[in-house]
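> Chains as they are written, first to last, in the numbering used here: chain A, 1 to 305; chain B, 1 to 259.
The beta-carbon is built from N, C-alpha and C at its ideal position, and this holds for glycine as well.
Can you read through this structure? Questions will come right after.
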């Protein structure tokens with residue numbers, strides 16, 4: 001079944017897009033990440049212009065995050081206070097990100113910059129997570145190993161503006177979650193993704209947040225940053241295709257429900273190892289595309305820029 | 001929409017003129033040999049892009065007043081296009097050189113009844129921009145001719161890959177001596193705007209008659225409304241998109257709670 005996308009100005013197979021939305025939604029529900037880092041390359045792969053893939057996807061992520069948060073909310077897995085602090089940082093980050101984006105656009109290297117930042121962020125974080133999760137799995141198998149300390153002190157914990165987050169049982173500087181939120185907001189603006197793949201490990205490793213609360217809280221924050229990104233993209237670039245978003249979100253919200261249920265059955269380390277493998281795989285694919293000579297070294301664009 | 005009306009209006013006047021010409025030709029046949037030597041029309045003058053649009057075919061048909069060859073040239077709206085060449089810098093392929101072409105048709109197709117070189121010479125082809133080698137694209141940069149040719153052929157290659165430029169000549173079929181027809185295919189990604197469909201009658205290597213028929217490609221219905229909404233009220237469109245997404249997410253959450 002073919003459907004014409006009015007903003008992308010192309011015709012796509014509706015079932016294919018629904019399936020893509022469902023797959024990404026499933027993963028997003030399972031790991032608590034928005035899944036944008038998977039959807040952008042997928043959409044570009046089926047021929048959607050990159051700018052429209054990024055803008056539309058932000059819109060789709062709003063729906064996926066809302067339905068994901070609802071499922072986590074009912075299980076009491078959302079730390080609203082921490083989420084709001086992260087969100088404040090996220091707002092600042094989004095504004096800074098838009099500014100950086102406009103500079104890159106002026107230089108004329110936005111495409112390469114986006115791909116490179118994908119490779120860098122996905123590669124680094126994926127590898128770090130992979131190493132950590134495998135270690136945790138090995139430790140679990142060896143019962144003689146000593147139990148790690150509940151709480152390690154780093155220089156990060158010496159920052160001012162300490163706040164108590166009862167839900168997460170944390171007493172940390174508010175600058176920490178706000179800073180993580182700010183980096184997440186920048187990623188939304190520059191790479192057009194929710195940033196969950198970055199927020200989740202940062203919340204686990206930097207904040208030492210209970211793993212069960214991480215997915216719900218990061219999704220809670222992502223609702224607002226993606227909503228802001230949708231507004232900015234629609235207002236400035238007109239790159240939000242609601243028809244495409246509708247197809248993606250139908251698949252996405254359904255997939256996210258099943259994903260959340262499946263995620264509940266996974267142990268923390270297993271989920272993290274799976275997510276890490278996925279992130280590294282996408283990074284390798286993108287790096288490969290950058291290094292290998294393209295089929296046609298020439299590209300054309302009709303967009304004014 | 002105004003373009004549609006303008007196009008239809010012009011078409012009507014073309015039809016009237018054609019009819020009048022036919023009448024006059026009939027009346028004064030003995031007195032003068034003047035007549036419209038070629039008359040052509042399209043099966044449809046509006047390609048409507050609806051939600052279910054997957055590409056369409058338009059039939060061009062016409063008649064000549066005797067022997068001769070027919071060339072049909074379909075040209076889409078002209079817009080600027082930037083062609084970029086990737087180069088390997090520090091191991092990765094990134095955009096390096098770029099050339100801007102100011103007058104690139106969004107669609108271009110030529111159909112003839114036999115290979116062009118059998119009945120017409122280069123100067124005529126160049127003058128009427130018949131065939132991809134003779135298409136004027138208006139390059140802006142001053143570049144060495146061989147470099148420019150590379151970018152030019154890359155532009156055409158990319159357009160052909162998108163299905164917007166003809167790879168081969170289309171076939172004009174003659175039914176008897178005078179009646180001819182050809183099918184023009186427009187893919188789903190066809191750009192919107194005003195198209196020119198030119199029908200040329202060529203005798204002894206010269207264009208003896210030409211007729212230009214307008215063709216409008218326009219979004220209609222739901223997809224047109226969405227497009228206009230996004231263009232005219234981008235901020236409200238964005239707000240609506242966000243509210244819709246929140247509602248959809250909420251709805252899905254509520255449904256799945258019951259399951």
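Are the C-beta of residue 166(A) and some C-beta of chain B separated by less than 8 Å?
Chain B contact via Cβ: absent.
> Is it true that the region 161 to 180 of chain A meets the region 87 to 97 of chain A, where meeting means three or more beta-carbon pairs spaced less than 8 Å apart?
The region 161 to 180 of chain A vs the region 87 to 97 of chain A: in contact.
> For residue 82(B), which beta-bridge partners are listed by DSSP?
Under DSSP, residue 82(B) shares a beta bridge with 301(A), 100(B).
> Measuring CB to CB, does residue 233(A) end up less than 8 Å from residue 242(A)?
Taking 8 Å as the Cβ cut-off, residue 233(A) and residue 242(A) do not qualify as a contacting pair.
> Using C-beta distances below 8 Å, list every residue in its chain close to residue 139(B), excluding the 5 sequence neighbours before and after it, in chain order.
99, 100, 101, 102, 148, 151, 152
> Verify the contact flag: residue 297(A), CB atom, against every heavy atom of the ligand MG, threshold strictly below 7 Å.
Here there are no bound small molecules, and the ligand MG is not part of this structure.
> Measuring only the C-alpha atoms, how far is residue 274(B) from residue 170(B)?
One cannot answer for residue 274(B) here, as it falls past the ends of chain B, which runs 1 to 259.
> Where DSSP assigns a beta bridge to residue 182(B), which residues make up the other side?
Checking the DSSP bridge columns, you'll see residue 182(B) partnered with 60(B).
> So which residues on chain A does residue 232(B) lean against when the C-beta distance must stay under 9 Å?
Under the 9 Å cutoff, chain A gives no residues; its nearest Cβ is about 10 Å from residue 232(B).
> If I measure Cβ to Cβ from residue 53(B) and keep anything under 7 Å in the same chain, skipping five residues before and after, which residues do I get?
Cβ within range, chain order: 188.
> Among residues of its own chain, excluding the 5 on either side of residue 219(B), which ones have a beta-carbon nearer than 7 Å to its beta-carbon?
49, 192, 227
> Apart from the five residues just before and just after residue 291(A), which ones in its own chain have a Cβ nearer than 8 Å to its Cβ?
none
> In the structure shown, what three-state DSSP assignment does residue 218(B) receive?
strand
> Indicate whether the contact test is met: 3 or more Cβ pairs, each with one atom in the region 278 to 285 of chain A and one in the region 113 to 130 of chain A, closer than 8 Å.
yes
> Could you check whether the Cβ of residue 109(B) sits closer than 8 Å to any Cβ belonging to chain A?
no
> Taking Cβ positions, are residue 257(A) and residue 71(A) nearer each other than 8 Å?
yes
> So residue 193(B) is in the beta strand (DSSP E); what residue range does that whole segment cover?
193 to 203 is the extent of the beta strand (DSSP E) around residue 193(B).
> Of all Cβ atoms in chain A, is any one closer than 8 Å to the Cβ of residue 152(B)?
no
> Take residue 115(A) and list the residues in its own chain whose beta-carbon comes closer than 8 Å to its own, dropping the five residues that flank it on each side.
The answer, listed in chain order, is 286, 289, 290.
> How about residue 134(B) and residue 172(B): do their beta carbons lie closer than 8 Å?
no
> Starting from residue 2(A), trace the beta strand (DSSP E) both ways and give me its first and last residue.
Counting along the chain, residue 2(A) sits inside the beta strand (DSSP E) bounded by residues 2 to 5.
> Between residue 94(B) and chain A, is there a C-beta pair that is closer than 8 Å?
Taking Cβ atoms only, chain A reaches closer than 8 Å to residue 94(B), which makes this a yes.
> Is any beta-carbon of chain A found at less than 8 Å from that of residue 226(B)?
Closer than 8 Å: yes.
> Give the straight-line distance between the Cα atoms of residue 120(A) and residue 75(B), rounded to the nearest whole angstrom.
Answer to the nearest angstrom: the Cα atoms are 44 Å apart.
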